[in-house]
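A.B. asks:
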Amino acid sequence: TTTTRTLDHVAASHGCLVPGAGTTEIFIRPGFKFRIVDGLITNFHLPKSTLLMLVSAFAGRDFVLEAYRQAVASRFRFFSYGDGMVII
Numbered sequence: 004t005t006t007t008r009t010l011d012h013v014a015a016s017h018g019c020l021v022p023g024a025g026t027t028e029i030f031i032r033p034g035f036k037f038r039i040v041d042g043l044i045t046n047f048h049l050p051k052s053t054l055l056m057l058v059s060a061f062a063g064r065d066f067v068l069e070a071y072r073q074a075v076a077s078r079f080r081f082f083s084y085g086d087g088m089v090i091i
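For the sequence shown, the working numbering begins at 4 and goes up steadily by one.
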């Protein structure tokens, strides 16, 4: 998710990916238009977190909520050392 913010910031600033150093203040939430990222590898984030908002912005809120319902039903583990998912 940090990588997603970084890549999108660089693409927005330069029109393409270029090496460099810097900071970003991008806050990704539903409605955000991704410029470069077309897939995510991430874990199951805690409710009401900004990371969950980023995943919802990428995959759509309804899709993510259904994935989380299934994860809970399957007893997946959440947060940093839990199960992960690939969204393409």
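No residue lacks a Cβ here, since even glycine has one placed at the ideal position from N, Cα and C.
Looking at Val-67 and Val-58, is the spacing between their C-beta atoms short of 7 Å?
C.D. replies: Residue 58 sits at position 55 when you count from the first residue of the sequence shown. Residue 67 sits at position 64 when you count from the first residue of the sequence shown. Cβ atoms of Val-58 and Val-67: closer than 7 Å.
A.B. asks: In terms of residues, what are the limits of the alpha helix (DSSP H) holding Thr-7?
C.D. replies: Within the sequence shown, residue 7 is the residue found at index 4, counting from 1. Taken as a continuous stretch (DSSP letters only), the alpha helix (DSSP H) holding Thr-7 covers 5 to 17.
A.B. asks: What residues in its chain sit with their C-beta under 6 Å from that of Val-89, if we drop five residues either side in the sequence?
C.D. replies: What you label residue 89 is simply residue 86 of the sequence shown in a count that begins at 1. The residues are Ile-44.
A.B. asks: Determine the burial state of Phe-82: buried for a count of at least 16 other Cβ atoms within 10 Å of its Cβ, exposed for fewer.
C.D. replies: Residue numbering aside, residue 82 sits at position 79 when the sequence shown is read from its first letter. Phe-82 should be labelled exposed.
A.B. asks: State the beta-bridge partners of Ile-44 as determined by DSSP.
C.D. replies: To locate residue 44, count along the sequence shown from 1; it is residue 41. For Ile-44, which the question treats as bridged, DSSP gives the partners Val-89.
A.B. asks: Pick out the complete alpha helix (DSSP H) segments inside the stretch 18 to 84, 4 residues or longer, and give them in chain order.
C.D. replies: The qualifying runs are 53 to 62 and 64 to 76.
A.B. asks: If you drop the 5 nearest sequence neighbours on each side, which residues of the same chain put their C-beta closer than 7 Å to that of Ala-15?
C.D. replies: One-based indexing of the sequence shown puts residue 15 at position 12. Within the same chain, Ala-15 has close Cβ partners Arg-38.
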